[in-house]
Amino acid sequence: MESTPQPDFFDRAYAEGDPPWVIGEPQPAVVALADRGELTGRILEPGCGTGEHTVHLTRLGLDVLGTDASPTAIARARDRARDHGVAARFAVTDALDPGDLGRFDTVLDSALFHVFDPGDQARYARGLAGLVRSGGVVHLLALARTGAAAEFGPVIDAAAIRAAFTGPVWTVEEIASTTYRGIVTTDLADAYGQPPGTVVDVPAHLARIVRT
1 MESTPQPDFF DRAYAEGDPP WVIGEPQPAV VALADRGELT GRILEPGCGT
51 GEHTVHLTRL GLDVLGTDAS PTAIARARDR ARDHGVAARF AVTDALDPGD
101 LGRFDTVLDS ALFHVFDPGD QARYARGLAG LVRSGGVVHL LALARTGAAA
151 EFGPVIDAAA IRAAFTGPVW TVEEIASTTY RGIVTTDLAD AYGQPPGTVV
201 DVPAHLARIV RT
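Numbered according to the UniProt record's numbering, the sequence shown spans residues 1 to 212.
Here it is in structure tokens:
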């Protein structure tokens, strides 16, 4: 990402309909994390968007707060929680300037880190350091660079994660390969050989980062 989009870019995207990352359900990689019991304690989901993950995790009985800089996204997330009969918690918060939200045991970042430019990636990691308890874990799901002529969205190399989450505050324990599910847009239809609206799984990184 050459420069970090302004929050109103995302607010417009949520106001105009469903952006391609809104699939109406949690990401399979996040569901797998929850099923393995890796999302524990007090959980923060920055960049929660329309709330699919926060609602899913709350339904499982987990203590989770979803935040996003987009007021429209948070309004839609609250509507989703109400429609599903789930008492999920949300707040409008800029992930680059989160303030004092308290301390968390786990952070779930699904496709937020990769929208930042390198400077803001480091700033984001520094902000999380003040929110995560010692021994806490950040699970980071981000689109992986493939070198294709058309990428699904903002993409990063694994090195970007290691550069931002650096010692002595952080230890990047693992960066595994996984997939991220999204919806093909009109602009990407030719590149993917699929009609707009098709659900696709694209390469992604899944990092486990420990607060030291």
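In this text, a Cβ means the ideal position worked out from N, Cα and C, and glycines have one as well.
Within the DSSP bridge table, the entry for Asp94 names no partner.
DSSP places Gly182 outside any alpha helix (DSSP H); the residue lies instead in the beta strand (DSSP E), whose first and last residues are 170-183. The three-state secondary structure of Ile74, taken from DSSP, is helix. Leu143 sits close to Val155, with the two beta carbons spaced by under 9 Å. Note: His205 is bridge-paired with Ala142, Ser177 in the DSSP secondary-structure output.
Each of Gly61, Val138, Val202, Cys48 was checked against the Cα of Val169, and the nearest Cα belongs to Val138. The beta carbons of Arg181 and Val210 sit no closer together than 9 Å. Cβ-Cβ separation between Thr54 and Ala88: approximately 5 Å, consistent with a contact (criterion under 8 Å).
If you compare the alpha carbons of Leu33, Gly47, Ala150 with that of Val115, the shortest gap goes to Gly47.
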